[in-house]
Every structure is written in C-alpha cells, then in structure tokens.
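Trainee: If you want my numbering, it's the position in the sequence shown, counting the first as 1, plus 12.
Could you have a look at this structure, given as structure tokens, before my questions?
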Amino acid sequence: MLKEYTYLLIDLGCILIPLLASFHPKSPFYKEWKWYLPANFFVAISFLIWDAAFTAKGFWGFNEQYLCGVRIYNLPLEEILFFVCIPYACLYTFYVWDKYNLPSLKSTNWLSYSLASILLILAVSNYNRAYTSITFSSLALLLLYLQAKKMNYLGSFFVVYVIILLPFFVSNGLLTGSGLKEPIVWYNDEQNLGIRMLTIPVEDAFYAMLMLLMNLSVYKWLAEKAGGYKTTLKQLLYDQ
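Shown next as structure tokens:
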C-alpha cells in the first residue's frame, strides 16, 4: 500500500530529525535559513537542470512503482525533493560540527589537489561516459577553486563528509535497490564506470560531494557577504 511512497518516505526520513533539531536552542540552524535557503535554491536548480537532461537522454531514470505519480517536467516530485532534503540534512550536520569547533583537517592542500588531479585524469580518460566525466571534472574544478581561495571550511567539510557517508550508503542504497526487488533509481552503465559499491554507482559518492560542497560554498558566501554589509553599516553609523 505504501510502495508508491517509498522514495518520498526516504526523502522525508532524511530531513525529519535535522529539521526538528534545527529549532533546538543549542543548534538553531533555522537562524541560518536566510542564507542557506537561497543557496540551496540556486544549487538545486542547477542540479535539476542536469538531472532533467540526463533523464531525457536515458542516462538514468525512475521506477514508477515507487513514486507517488506527481511529476514536474520529466522529474518525479520525489527527485526534486531529494535536492532539498539531502543537502539540508548534511548541511545541518556541518553547521553543528562547525558551531562546536569539532575536529577538522588543519591542512587540505594535499587532499584537495590530489583528489582533484585523480578526478581530472578519470574525467578525461572517460570523456565518453557522461556521468563520470561531468561529475568528476565538475568536482575537481570546484575543489581546485576553493583550495586556491584557501576556504577555511574545507577542513571541516572533508571530516563531516566522511561521517555522513554512513547515512549516505543507507539512503542511496535504498534508492539504487538495496533491500528492494527493483531499484528506485536506475542507471545506464554505459554512462558510468560500471563500478558499484553494493548497489551504488561509485560516481554517486562524488556527485553527493559536489552537491554538498556547492551548497556549503554558496551558503558560506552569502553569509559572509551579509556579515560584510552589516559591518559596513555599523562603521557608517559609528563614524557619524
């Protein structure tokens, strides 16, 4: 009876606890919404355009028996909500980690540049595999840019990302068929490396990293800009 709500329940299950916890006085992430929500909107739109194009080309698709039936353009409602629910849950985790100054990498030069180099090599050598080449090259370029700009949140991001890999394997495993008769999301293996972590294409881990790092970067940028405007305003008021 609930089969057609499987994907929707996965989305809601991922965001429920982080959303409720956002109003806890010790971790009031809701106060960050004025920066986070615009950031998420921008990134979600970018990924939805990519998603819709890949769906139209048959690079991946969705199993109707696990969907509620509501579609916007060629994407199920659940897939659209994925780009809202998953980033929110993960960015809330990063917010808490950062707020309490939990351990982070002191230097990310070696990790960022090494990972970016490997990803670029794989992207170029697999230029005919759309999911592999686009995901790996996009993440590599983002890492190179952020590292060149010496963004200090990268140290925390890498640590938090490793931590959230466990829930990632649970939620993404369900989406790709772990524990189900058929996958909710299917992939055309001609467009990826064909390497699976259980049922999950290896590209998914880097796709998730790209999505989360973009959300974090835009959110941090907006918050920093807002802080700069507030500082300037205070200076103007005090100068007078």
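Just so you know, even glycine gets a beta-carbon here, dropped at the ideal spot from N, CA and C.
Check whether the Cβ of A51 lies closer than 8 Å to any Cβ atom in chain C.
Mentor: No chain C appears in the structure shown, which is made up of a single protein chain.
Trainee: Inspect the CB distances between the region 88 to 97 and the region 109 to 126 and report whether three or more fall short of 8 Å.
Mentor: No, because fewer than three Cβ pairs between the region 88 to 97 and the region 109 to 126 fall closer than 8 Å, the two stretches do not touch.
Trainee: Can you tell me whether D201 is buried or exposed, with buried defined as 16 or more other CB within 10 angstroms of its CB?
Mentor: Counting Cβ neighbours within 10 Å, D201 comes out exposed, since fewer than 16 surround it.
Trainee: Could you spell out the range, first to last residue, of the beta strand (DSSP E) harbouring Y199?
Mentor: Where Y199 is concerned, the enclosing beta strand (DSSP E) stretches over 197 to 199.
Trainee: Mapping the DSSP letters down to three states, classify M226 as helix, strand or coil.
Mentor: Helix, per DSSP.
Trainee: Measure how close the beta-carbons of P213 and N75 come, nearest whole angstrom, since I'm counting them as under 8 Å.
Mentor: Contact flag wrong, Cβ pair sits at about 16 Å.
Trainee: Please state the DSSP three-state secondary structure of G191.
Mentor: Of the three classes helix, strand and coil, the one that applies to G191 here is coil, per DSSP.
Trainee: By how many angstroms is the C-alpha of V82 removed from the C-alpha of C126?
Mentor: Checking the sequence, you will find Ser at residue 126 rather than Cys. So the two alpha carbons sit approximately 42 Å from each other.
Trainee: If we ignore side chains and look at the alpha-carbon of each, how far apart do S190 and I22 end up?
Mentor: Distance between the alpha carbons of S190 and I22: 13 Å.
Trainee: Whose C-beta lies closer than 7 Å to the C-beta of F169 among residues of the same chain, with five residues either side of it excluded?
Mentor: Same-chain partners within the cutoff: F106, L225, L228.
Trainee: I want to know whether the region 217 to 224 touches the region 28 to 41 - three or more CB-CB distances under 8 Å.
Mentor: Verdict: no, contact absent.
Trainee: Can the beta-carbon of T144 be found less than 8 Å from the beta-carbon of L134?
Mentor: It is a contact, given that the beta carbons lie within the stated cut-off.
Trainee: To the nearest angstrom, how far is the alpha carbon of L205 from that of H36?
Mentor: Answer to the nearest angstrom: the Cα atoms are 42 Å apart.
Trainee: Over what stretch of residues does the alpha helix (DSSP H) that includes G25 continue unbroken?
Mentor: Residues 18 to 33.
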